[in-house]
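Participant: 544 is the number of the first residue of the sequence shown in this note's numbering; add one for each residue after it. I am attaching a structure below and will ask some questions about it afterwards.
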Amino acid sequence: MSDQDTPKKIQSVLFVCNQNAVRSPMAEALAQRHCKRRVFIESVGLIAGNLDPFSVAAMAEEDLDISDHQSKAVNDVDISLFDLVIALTPESHEHIIKNKGGADFELEFWPTPDPSDSEGNRNQVLDSYRLVRDRLEVRIADRFTF
Numbered sequence: 544m545s546d547q548d549t550p551k552k553i554q555s556v557l558f559v560c561n562q563n564a565v566r567s568p569m570a571e572a573l574a575q576r577h578c579k580r581r582v583f584i585e586s587v588g589l590i591a592g593n594l595d596p597f598s599v600a601a602m603a604e605e606d607l608d609i610s611d612h613q614s615k616a617v618n619d620v621d622i623s624l625f626d627l628v629i630a631l632t633p634e635s636h637e638h639i640i641k642n643k644g645g646a647d648f649e650l651e652f653w654p655t656p657d658p659s660d661s662e663g664n665r666n667q668v669l670d671s672y673r674l675v676r677d678r679l680e681v682r683i684a685d686r687f688t689f
């Protein structure tokens with residue numbers, strides 16, 4: 544097996560969504576817990592939005608505190624420094640493809656619904672966030688095996 548056939552070891556991961564307010568902060572916290580400092584994890588949005596309180600509540604149920612998360616925009620980081628970029632929305636996926644340039648990172652697209660679009664009472668809305676959280680957790684556990 545040549546070096547070219549050997550999969551590149553993932554040492555840094557960037558999650559990207561639209562505002563870095565719901566999905567990517569959840570993914571970042573879940574991945575940090577799962578990877579236990581073996582991988583550098585960060586998240587950004589196409590723009591920096593305000594952290595969603597339902598995201599904070601859903602993550603707190605899993606003993607993960609994201610309340611101090613500071614949203615960042617994709618332009619605030621050098622994406623070429625990451626081994627793996629995971630786009631969580633069609634818009635972020637398209638943006639990364641268009642702006643990848645010659646950067647040598649792996650790009651994956653994990654379509655993730657926006658739970659902030661859900662309607663109903665507080666519990667119904669929170670259930671949407673829980674579903675996104677739980678799906679991200681399964682996907683992260685499947686992707687990052689050590």
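Backbone N, C-alpha and C define an ideal beta-carbon position, used for all residues, glycine too.
Using alpha carbons as the reference points, say which of Asp-685, Ile-639, Ala-570 and Trp-653 lies closest to Ile-609.
Facilitator: Comparing Cα positions, the closest option is Ala-570.
Participant: Report the residue ranges of all beta strand (DSSP E) runs contained in full by the region 603-673; include only those spanning at least 3 residues, in chain order.
Facilitator: With a minimum length of 3 residues, the continuous beta strand (DSSP E) runs that stay inside the region 603-673 are 627-630 and 649-652.
Participant: Please report the distance separating the alpha-carbon of Glu-605 from that of Leu-650.
Facilitator: Using only the alpha carbons, I get a separation of about 28 Å.
Participant: Tell me whether Phe-687 sits in a helix, a strand or coil according to DSSP, three-state version.
Facilitator: Coil.
Participant: Looking at the structure shown, is Asp-546 part of a helix, part of a strand, or coil, going by DSSP?
Facilitator: With a pLDDT of 45 at Asp-546, under the threshold of 50, the modelled position of this residue cannot be trusted; read the value that follows with caution. It is coil, neither helix nor strand.
Participant: Does Asp-595 pass the burial test, meaning 16 or more other C-beta atoms within 10 Å, or should it be called exposed?
Facilitator: Per the 10 Å Cβ criterion, buried.
Participant: Whose C-alpha, out of Phe-583, Gln-562, Ser-661 and Ala-564, is nearest the C-alpha of Val-556?
Facilitator: Closest by alpha carbon: Phe-583.
Participant: When the Cβ atoms of the region 553-568 are set against those of the region 619-634, are three or more pairs found closer than 8 Å?
Facilitator: Contact between the region 553-568 and the region 619-634 is present, because at least three Cβ pairs lie under 8 Å.
Participant: Nearest by alpha-carbon distance to Glu-637: which of Phe-652, Asp-670 and Asp-647 is it?
Facilitator: Nearest C-alpha to Glu-637: Phe-652.
Participant: Leu-631 to Asn-593, Cα distance in whole Å?
Facilitator: If you take the alpha carbons of Leu-631 and Asn-593, they lie about 17 Å apart.
Participant: I'd like to confirm the pairing. Which residues does DSSP put opposite Val-559 in its beta bridges?
Facilitator: Its beta-bridge partners are Val-587 and Ala-630.
Participant: Return yes when at least one heavy atom of the ligand GDP lies under 7 Å from the C-beta of Phe-648, else no.
Facilitator: With respect to small molecules bound, the structure shown includes none, and the ligand GDP cannot be examined in it.
Participant: To the nearest angstrom, how far is it from the Cα of Ser-661 to the Cα of Ala-591?
Facilitator: So the two alpha carbons sit approximately 21 Å from each other.
Participant: Mapping the DSSP letters down to three states, classify Gln-554 as helix, strand or coil.
Facilitator: Gln-554: coil per DSSP, three-state reduction.
Participant: Report yes if the CB atom of Lys-615 is closer than 8 Å to the CB atom of Asn-561, and no otherwise.
Facilitator: Contact flag unset, no.
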